[in-house]
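Read the structure below first, then the notes.
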Amino acid sequence: MAAIEHYSFLTLGDFVTHLRGQEKKVHLLFAYNGTGKTRLSMKFKDAGKKAHQSPLSFQDGENIVFQDGTQMAVDTVISDTLYFNAFTEDLFYWDNDLENDTERVLKINQDSKFFEGLPELEMENRIRPLLRRYSDFDFFIDYTKWHIMFTREERVDEETITHEFIKVSRGEERLFIWCFFLAIVQLAIDKQEAYDWVNYIYVDDPISSLDDHNAISVAHHLAQMLKTEENEIKAVISTHHALFFNVLCNEFRSAKKFFIKKGKDGYTLKTTTDSPFIYHITLIQELKRAVENDRLFTYHFNVLRTILEKAANFHGFSRFSDCMEIDGDDEERTLHSRLVNIMSHGAYSLFEPVEMVEENKEYFKNIFNNYLSNYKFNELLFTDENPEPIA
Numbered sequence: 006m007a008a009i010e011h012y013s014f015l016t017l018g019d020f021v022t023h024l025r026g027q028e029k030k031v032h033l034l035f036a037y038n039g040t041g042k043t044r045l046s047m048k049f050k051d052a053g054k055k056a057h058q059s060p061l062s063f064q065d066g067e068n069i070v071f072q073d074g075t076q077m078a079v080d081t082v083i084s085d086t087l088y089f090n091a092f093t094e095d096l097f098y099w100d101n102d103l104e105n106d107t108e109r110v111l112k113i114n115q116d117s118k119f120f121e122g123l124p125e126l127e128m129e130n131r132i133r134p135l136l137r138r139y140s141d142f143d144f145f146i147d148y149t150k151w152h153i154m155f156t157r158e159e160r161v162d163e164e165t166i167t168h169e170f171i172k173v174s175r176g177e178e179r180l181f182i183w184c185f186f187l188a189i190v191q192l193a194i195d196k197q198e199a200y201d202w203v204n205y206i207y208v209d210d211p212i213s214s215l216d217d218h219n220a221i222s223v224a225h226h227l228a229q230m231l232k233t234e235e236n237e238i239k240a241v242i243s244t245h246h247a248l249f250f251n252v253l254c255n256e257f258r259s260a261k262k263f264f265i266k267k268g269k270d271g272y273t274l275k276t277t278t279d280s281p282f283i284y285h286i287t288l289i290q291e292l293k294r295a296v297e298n299d300r301l302f303t304y305h306f307n308v309l310r311t312i313l314e315k316a317a318n319f320h321g322f323s324r325f326s327d328c329m330e331i332d333g334d335d336e337e338r339t340l341h342s343r344l345v346n347i348m349s350h351g352a353y354s355l356f357e358p359v360e361m362v363e364e365n366k367e368y369f370k371n372i373f374n375n376y377l378s379n380y381k382f383n384e385l386l387f388t389d390e391n392p393e394p395i396a
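When we follow the working numbering, the leftmost residue of the sequence shown carries the number 6, and every step to the right adds one.
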């Protein structure tokens, strides 16, 4: 088995420097919500501005001063990253026509570089074929008012009726914005002049509000676009969605795949495959540290039961107790099973933890260690041989 790469970073800025210094064309990042994926994407984008221009100073409302003494107005800064994240979605916002409740449109922030040169690029013809992969509604872009009108056809008897100014669902809106982004990605891949500045594409969680079918479709579609021979742009894709990540891993087999974790000392980055980062691996790591440091609290029984249930489900058992290997008779197994069952049904708080009594600690250690003995894991997952955080 290949060695597990493991990096530590004090700040997101250090993390970005590492990513930008890699030769691999595609990086896939998995992290739970709250880790800082969106902030990472913005740091990555901002680093592209600074690295590209190398200014000595920068202040909003003033000129940028470069190392050769030349100056450039702030609004002419050139970035190198086309990104999709929560901020991209905010470039689109609804005008629900509250006064008349008839002409509901999705407004576009025309001042954003994201929409540069759109009227000349025939975006409707570029977006529509992409959108038809996912939904049956249509749209029209008004570049004089900078808004989008959505329509949907309905068959009534022998007549087709077109409903205009409809309010699409949140999922449909997300898909439309995603297709808008993909159309621009294609322009960048094709080296269209308005987007020839793009050296990196950063995608953060494009599948919120989508069902599993669309999550798979989005991952496959994105991969097919980025894997074309003519594409020279590097990509970073981050997500908290396990299925989306799994599909991407199988599409980009040669990509670097990492699991991100946030801790009190910064961020850790560990290589993974399409599945071993799954929730229970992290839980096992946490319990192993708690056992080794003798810091066992009552809520750890809830965590242990979760691990046992996932193992039972994976191995086809109907009860979590079937995954409890006991060095003793059936009475000992029954005792341990009942203990986990009872202790895991308490309303134990993570914020006001209560330490286990010594007797329960010993039971817990026996159950947990027997589980690790019976279900082998790669020991490298639990080593403390981590590098010092990169300052």
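Note that CB positions come from ideal geometry on N, CA and C, so glycine has one too. Small disclaimer: the values here were computed from a predicted structure and weren't measured.
On a CA-only basis, which of the options is nearest residue i? Give me that one, please.
{"i": "N105", "options": "R131, H225, K150, F170", "result": "F170"}
{"i": "F373", "options": "A228, T311, R324", "result": "T311"}
{"i": "H305", "options": "L192, N365, V252, I113", "result": "N365"}
{"i": "L313", "options": "T303, F302, D327, R300", "result": "D327"}
{"i": "R133", "options": "D100, I182, D19, K293", "result": "I182"}
{"i": "I347", "options": "F319, L309, K381", "result": "L309"}
{"i": "F145", "options": "T156, L136, Y139", "result": "T156"}
{"i": "Y272", "options": "Q27, K29, T40", "result": "T40"}
{"i": "R25", "options": "K50, R44, T16", "result": "K50"}
{"i": "A199", "options": "I83, T167, I166", "result": "I83"}
{"i": "T167", "options": "H152, T149, D143, F92", "result": "D143"}
{"i": "L15", "options": "L136, G268, D100, L111", "result": "G268"}
{"i": "L288", "options": "S259, T277, K315", "result": "K315"}
{"i": "W99", "options": "A36, E108, A91", "result": "E108"}
{"i": "L136", "options": "L180, L34, M230", "result": "L180"}
{"i": "Q191", "options": "Y205, M230, K172", "result": "M230"}
{"i": "E360", "options": "N318, V296, L96, P124", "result": "V296"}
{"i": "F119", "options": "L111, D95, L103, D102", "result": "D95"}
{"i": "M154", "options": "H225, T278, N307, L111", "result": "L111"}
{"i": "S174", "options": "G122, F92, D216", "result": "D216"}
{"i": "R294", "options": "E121, K370, V345", "result": "K370"}
{"i": "Q290", "options": "N375, F97, F382", "result": "F382"}
{"i": "Q115", "options": "R44, D147, R160", "result": "D147"}
{"i": "N255", "options": "T278, N101, E177", "result": "T278"}
{"i": "S213", "options": "F186, F185, E178", "result": "E178"}
{"i": "A52", "options": "D85, L344, V362", "result": "D85"}
{"i": "D19", "options": "R343, D270, L292, L344", "result": "D270"}
{"i": "R343", "options": "F322, N307, N318", "result": "N307"}
Below 8 Å on the Cβ atoms is my guess for residue i versus residue j; work out the distance and round it to an integer in Å.
{"i": "I221", "j": "L248", "result": "7 Å"}
{"i": "I194", "j": "E235", "result": "6 Å"}
{"i": "A240", "j": "V31", "result": "5 Å"}
{"i": "V203", "j": "I238", "result": "6 Å"}
{"i": "L399", "j": "F263", "result": "Look at the range of the chain in this structure, 6 to 396, and you will see that residue 399 is not part of it."}
{"i": "Y88", "j": "S140", "result": "Rounded, the Cβ-Cβ distance is 24 Å, inconsistent with contact."}
{"i": "N90", "j": "H245", "result": "Incorrect: roughly 13 Å between the Cβ atoms, too far for contact."}
{"i": "K54", "j": "L17", "result": "15 Å between Cβ atoms; not a contact."}
{"i": "E28", "j": "T276", "result": "That pair is no contact at about 15 Å."}
{"i": "M329", "j": "H320", "result": "Actually they are not in contact, since the Cβ atoms of M329 and H320 sit about 12 Å apart, beyond 8 Å."}
{"i": "L377", "j": "S243", "result": "With 8 Å as the limit, L377 and S243 do not qualify as a contact, their Cβ atoms being about 30 Å apart."}
{"i": "H225", "j": "V252", "result": "6 Å"}
Ends of the beta strand (DSSP E) at residue i?
{"i": "G253", "result": "One point to set straight first is that residue 253 is Leu, not Gly, in the sequence displayed. L253 -> not in any beta strand (DSSP E); alpha helix (DSSP H) instead, spanning 247-256."}
{"i": "T273", "result": "271-276"}
{"i": "Y12", "result": "11-14"}
{"i": "T244", "result": "239-244"}
{"i": "D100", "result": "97-100"}
Could you name the residues that DSSP lists as bridge partners for residue i?
{"i": "E360", "result": "F302"}
{"i": "F319", "result": "Bridge partners of F319: none, in fact."}
{"i": "L33", "result": "I242, K262"}
{"i": "I113", "result": "F97"}
{"i": "Y88", "result": "Y207"}
{"i": "K267", "result": "Y272"}
What residue range is occupied by the uninterrupted alpha helix (DSSP H) comprising residue i?
{"i": "L231", "result": "217-231"}
{"i": "A91", "result": "91-94"}
{"i": "F20", "result": "17-25"}
Would you check whether the ligand FAD has a heavy atom nearer than 8 Å to the C-beta of residue i?
{"i": "N346", "result": "Ligands displayed in this structure: none; no statement on the ligand FAD is therefore possible."}
Threshold first: 4 residues or longer. Then list the alpha helix (DSSP H) segments lying entirely within the segment 122-210, N to C. 128-136, 175-194
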